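Okay, so the sequence shown: first residue is -14 according to my numbering, each after it adds one.
C-beta: ideal position from N, C-alpha, C; glycine also.
In this text, all values refer to a predicted model and were calculated from it rather than measured experimentally.
A short worksheet on the structure shown next.
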Amino acid sequence: MYVLENGLESNRVGISVSKKVGNSVVRHHLTRLIRESYRLREEMFNSGLDIVVIARVSAKEAGFHEIESALMHLAGLHKILNKI
């Protein structure tokens, strides 16, 4: 995950899945999982960020909850979660 401030009031999310991960069906499925994980937890993220998530080959076999957990873990490492 890469994070950069964008100067806007909303976040922009980019998702990169390499061809090494699998065919187009697998890559698109993984992209949808990441996007949905972000969408459901969007209110927990700080505003005004560009977030780029790069999926690795190991994510190919992961389910929704594992993807969501990994996304939140990375957000915590980057300190982009709102203080609750």
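Alpha-carbon spacing of residue i relative to residue j, whole angstroms
i     : j       : result
Leu62 : Val11   : 27 Å
Glu27 : Arg41   : 22 Å
Glu53 : Gly(-8) : 26 Å
Proximity to residue i [Cα-Cα], best of the options
i       : options                     : result
Lys4    : Asn(-4), Leu15 and Arg(-3)  : Leu15
Asn(-4) : Arg17, Val37 and Gly7       : Val37
Phe30   : Gly(-8), Leu56 and Val2     : Leu56
Ser32   : Tyr(-13), Glu(-6) and Leu59 : Glu(-6)
Residues that residue i bridges to, as DSSP identifies them
i     : result
Ala40 : Val2
Leu66 : Phe30
Bounding residues of the alpha helix (DSSP H) (the contiguous stretch that carries residue i)
i     : result
Leu56 : Phe49 to Leu62
Gly9  : It is Ser, not Gly, that sits at residue 9 in the sequence shown. Taken as a continuous stretch (DSSP letters only), the alpha helix (DSSP H) holding Ser9 covers Ser9 to Leu25.
Start and end residues, beta strand (DSSP E) containing residue i
i        : result
Leu(-11) : Tyr(-13) to Glu(-10)
Check: residue i C-beta below 7 Å from any heavy atom of the ligand SAM
i       : result
Val(-2) : For the ligand SAM, the structure offers nothing, since it holds no ligand at all.
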